[in-house]
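Inspection log for the structure reproduced underneath, given as structure tokens.
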Amino acid sequence: MPGTVLLKFDKNAGAVHQKSIWYAATGHQGVNMKKALSAAVLAALAVGACTTQEEVAKQEPAKKETKHAVAASVGAKMYGGPEVAADTSKPKNDYNITVNYELGMHCTGFDFTYCCVLPPYNSVQSQVIKTATGKKKYPELLEADEEDAGVVVDGKKRFKLSYGFVNNTYSEGNKLKYWDVPYDVNGDGKYGKDESVANAYFTHLYVYKDLKGTNPTGGSADKDKKFVGLQIPVPRDNGPAGAAVPSPISGGHLHYTGEKGTIVYTKSPVLENVPIVLTNPGIWDALGLPLTPFTDRTAAKDLLTLVESDIQPFQENWVSLVDADSGKPVIDSHSGKPITFVGTNPIDIPNCSNCHANETANGKKFKLYKQERAFWKGLGASDWIADLKATSVSILEMHDDHSGTEFMKNYDPNSRSTMNRLGRDPVLCQKCHGDNVIGVLGAGTHKNKEGKEVTIPPLTQAIHTVHQTKVPLPDSHGRSGSCQGCHPAHRYDGGMENYPITIDGKNAYADADNRDASGGCYVGRDVHSNPNKDKDGVETDEHLNAIGSWLQTNVSKIGNNKGGKGLWCTNCHNQLSRELYQRDNLKNAFMQTGNTIRNKSLDEIAKAIGVSKKELAAKYMDPKVVLNAKGEDTPGKSGVLLTWSDKRMVPDIAVIALKGKGPMGSKDVDGDFSVVPLSANPAVDIASLKLPKGATGATAVPYSAATHGSDYWLSPGAPHCADCHAAPFVEGQGGVAFPINQPGKYSLMRYSKGHAGIACQACHQSIHGLYPVKNGADTTTYKQAPQYNPDGTHGPFRCAACHEVNENGVPFLAKNDEDHKWKGRYISEDYDSAVSWMHATAPDLGGKIPDEDDD
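Residue numbers (my numbering): 49 to 903.
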């Protein structure tokens with residue numbers, strides 16, 4: 049290890065763990081601080097001019113900002129272009145408040161009267177950094193008062209973090225039908241107080257006492273559990289934490305997650321009290337907000353008249369520092385303005401209606417959608433709203449036909465009800481399907497075609513398999529277009545030109561390239577698909593391993609002067625990420641010590657997972673659609689379908705104790721069985737484990753044995769930076785959030801912490817929106833990083849965002865000694881070396897808050 053991270057603990061700070069930070073900045077960017085700027089450029093920036101020709105051409109977002117100012121209680125920062133500090137070698141803010149979100153893609157509906165795949169759930173996640181005030185001064189990561197998790201402490205100063213959304217102050221009503229939709233939550237056949245879809249969606253989650261995982265009895269009796277939506281009703285326009293930690297859509301304050309994080313429990317088919325860490329330790333958050341993509345201005349009209357271009361997928365989330373007692377804004381000494389930062393919180397609506405509101409999906413067989421559409425058109429609904437209503441009926445009718453359900457049994461097309469005409473409660477998919485995304489680990493059963501009772505497949509597997517098989521929508525390169533065909537792809541400006549799916553469900557780029565679509569949740573937005581990344585924020589080496597190098601050369605062609613278009617969805621979301629994960633047994637994730645195949649050649653990787661190098665490329669790194677005679681994708685041949693196959697390799701979740709021919713375990717007072725876990729790292733040497741009394745052995749078991757959601761959307765089933773990037777530009781290992789992630793394995797990026805305990809996404813932004821983004825797709829994120837970077841660049845964070853730096857952009861704290869070298873070079877002399885050193889020396893603690901012993 050080439051040195052250690054320098055942390056400094058201020059015993060007089062007054063906070064529980066008020067730590068000082070050495071480099072709070074990162075970006076894979078080599079930078080020499082420019083000693084002079086063009087006077088014309090500097091003058092333009094000083095008055096808020098734009099930094100690129102593309103941005104200059106877009107004046108409307110700036111106009112919107114002026115109107116948005118009234119939405120924030122202390123005023124959201126306006127963006128007329130980045131503000132460049134007079135001295136770019138020093139922080140330009142007294143405090144930096146990072147603004148992030150918890151999932152890469154927020155995809156939900158807003159009308160829950162018939163059915164829905166996912167509930168609304170957007171979190172705000174922040175950290176507060178007091179910036180350095182001298183060359184040898186340390187920044188400080190601020191935490192909470194010991195007695196009040198809502199109070200930020202900086203010495204004797206006490207603040208709160210007010211939050212909200214620019215021009216989006218409410219949800220239920222003209223934007224969302226959720227709390228006002230009745231649902232028999234307790235199953236007694238009546239609708240009582242708080243019985244709605246909003247209180248039905250999370251009834252599988254529970255606590256015993258608080259959101260810290262406290263379990264006073266240590267048992268698992270159902271009578272001691274407090275279930276969300278039942279004993280803990282979800283207040284209107286709030287997140288599911290309820291009154292315990294209020295998270296209103298507006299008018300609230302962020303809450304500090306402390307040493308343990310935010311924890312609820314759920315039940316697995318083989319284990320009671322499975323902890324779900326909703327937010328990592330050491331984060332300020334507002335949990336699971338029911339955010340919609342409709343602004344207050346848009347929703348001022350009747351809900352029935354909304355049109356698709358009203359969608360604003362990149363909502364502007366503001367966080368402000370206010371006095372804890374008076375609530376007055378805290379003023380920044382540099383700007384003389386309230387300390388407020390604006391960030392992105394994405395929320396979008398899928399494209400189901402492009403197929404399900406016409407004959408593309410329904411054919412001539414399914415017709416009820418037509419009657420449903422006609423009903424709503426008769427009430428004055430827009431075509432889009434009528435199509436969404438028709439889509440719900442189409443999906444339920446087809447599900448009944450294909451799976452033998454009876455969702456439409458009591459449907460009355462002649463009903464005049466504007467709630468729903470199903471003759472039953474709305475259909476919530478997770479009441480039958482397992483879904484790790486919301487913590488539903490158990491599923492129901494059904495009889496297959498052979499009449500055998502089998503477990504219902506995971507929701508995401510069921511949806512992706514049928515759509516990828518039946519409508520793969522390949523482009524001219526053979527890459528599946530179903531990703532953007534189904535998932536949302538709306539833009540910040542409401543424009544529908546060059547939309548990736550046609551109104552009748554065809555791939556608009558079937559004869560071209562999917563990546564040519566004009567923006568969306570990922571395409572043409574994120575750094576990985578932003579051709580301008582090296583002109584507007586990064587400019588240096590990508591630090592790639594063999595897989596990443598192959599993808600850059602053969603697919604992305606960004607960063608190697610080939611004028612490429614970046615990566616496609618399936619280059620990351622594929623079976624290869626699981627194969628790599630299964631073979632990890634890491635000691636230090638950042639330095640990649642221990643066992644892994646990620647740092648091997650392609651020949652070695654192919655051999656390790658049992659395929660040829662040719663198959664590794666065609667089926668794992670750049671999987672393509674393999675069409676059959678019907679125009680469908682082909683199971684067994686398609687690498688895309690392999691990602692969703694129930695016959696693929698599923699990584700192991702843990703080592704459990706055995707007794708005889710089965711798992712060792714016991715039943716609680718309710719008769720629920722629990723296995724005996726021995727290690728959360730399934731790659732551990734089993735011979736080193738001490739077996740409990742009565743055990744006859746131990747074995748590692750796959751995620752599919754523990755959750756009916758399989759490995760989907762957990763760390764083993766999702767992409768990682770470490771799949772393509774070389775160490776140390778990788779995530780840390782998991783641990784705190786087990787079983788979402790695991791010790792000895794790479795964590796999900798959103799749960800990973802790097803330098804001094806700062807979340808990786810704090811400096812790089814959240815997944816699918818990693819800095820620098822392309823302005824034409826997402827102006828909200830584009831303007832975020834310049835709030836922190838003194839030189840006004842669009843991300844990632846520079847060291848100077850929090851430190852005073854030398855002429856090379858490196859903090860003056862870097863000494864010319866052996867502890868501060870990277871590959872034989874003093875890091876003070878080279879920015880890229882300093883950034884590499886900073887990543888490499890980060891404390892690899894599985895998500896914990898570092899303390900003095902981790903320095």
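Glycine included, each C-beta is placed from N, C-alpha and C at the ideal position.
Taking 9 Å as the cut-off, the beta carbon of I395 is found closer than this to the beta carbon of T156. Per DSSP, reduced to three states, the secondary structure at I395 is coil, with no helix or strand assignment. DSSP, reduced to helix, strand and coil, places D651 within a helical segment of the structure shown.
Secondary structure at Q478: helix, using DSSP grouped into helix, strand and coil.
DSSP places P230 in the strand class (E or B) of the three-state scheme. Cα atoms of P283 and T265: separation of roughly 28 Å, rounded to the nearest angstrom. Scanning its chain for C-beta atoms nearer than 6 Å, with the 5 sequence neighbours on each side dropped, one finds around K613 the residues R563, in chain order.
About 6 Å separates the beta carbon of C772 from that of L592, a gap short enough to meet the 8 Å contact definition. It is roughly 55 Å from the alpha-carbon of P317 to the alpha-carbon of V132.
C-alpha of D142 to C-alpha of Y186: approximately 13 Å in a straight line. With contacts defined as CB atoms closer than 9 Å, N643 and R631 qualify as a contacting pair. Y570: not part of any beta strand (DSSP E); DSSP gives it neither H nor E.
Burial state of T343 is buried, judged by a 10 Å Cβ sphere holding 16 or more other Cβ atoms. Counted as a single uninterrupted DSSP element, the beta strand (DSSP E) harbouring S714 occupies residues G713 to K715. Here the alpha carbon of C400 sits roughly 21 Å from the alpha carbon of P338. Residue environment analysis places A291 among the exposed positions, since fewer than 16 neighbouring C-beta atoms fall within 10 angstroms of its C-beta. Taking each of T251, Y218 and V293 in turn and checking the Cα distance to P341, the smallest one comes out for Y218. In terms of Cβ geometry, G805 and Y794 do not form a close pair [threshold 9 Å]. Our two residues, K257 and Y249, have alpha carbons roughly 21 Å apart in a direct line.
Your pair N789 and S763 checks out as a contact, with CB atoms roughly 4 Å apart and the cut at 8 Å. DSSP, reduced to helix, strand and coil, places K667 within a helical segment of the structure shown. Closest in C-alpha terms to G542, from the list D358, A731, L739 and F721, comes D358. Counting along the chain, the unbroken beta strand (DSSP E) around W366 starts and ends at F362 to D371.
For E627, there is no enclosing beta strand (DSSP E); the enclosing alpha helix (DSSP H) has its first and last residue at Q623 to Q630. Contiguous alpha helix (DSSP H) elements confined to the stretch 738-779 occur at 751-754, taking only those with 4 or more residues. When M797, A754, E407 and W761 are compared, the shortest CA-CA separation from C769 is found for M797.
The Cβ atoms of L444 and L470 sit closer than 9 Å to each other. Counting C-beta atoms within 10 angstroms of its own C-beta, G235 has fewer than 16 neighbours from the protein chains shown and is therefore classed as exposed. When only Cα atoms are considered, S298 and K223 end up about 15 Å apart.
N462 carries a coil assignment under DSSP once its states are collapsed to helix, strand and coil. The beta carbons of G843 and G585 sit about 5 Å from each other, so the pair counts as a contact at 8 Å. The three-state reading of DSSP puts S210 in strand, counting E and B together. Around W870, the same chain offers P50, S881, S884 and W885 as residues with beta carbons nearer than 7 Å, after the five sequence neighbours per side are excluded. N321 and M669 have their C-alpha atoms spaced approximately 37 Å apart. Looking from the CA of L416, the closest CA among N458, F860 and A289 belongs to N458. When secondary structure is reduced to three states using DSSP, C850 falls in the coil class, being assigned neither helix nor strand.
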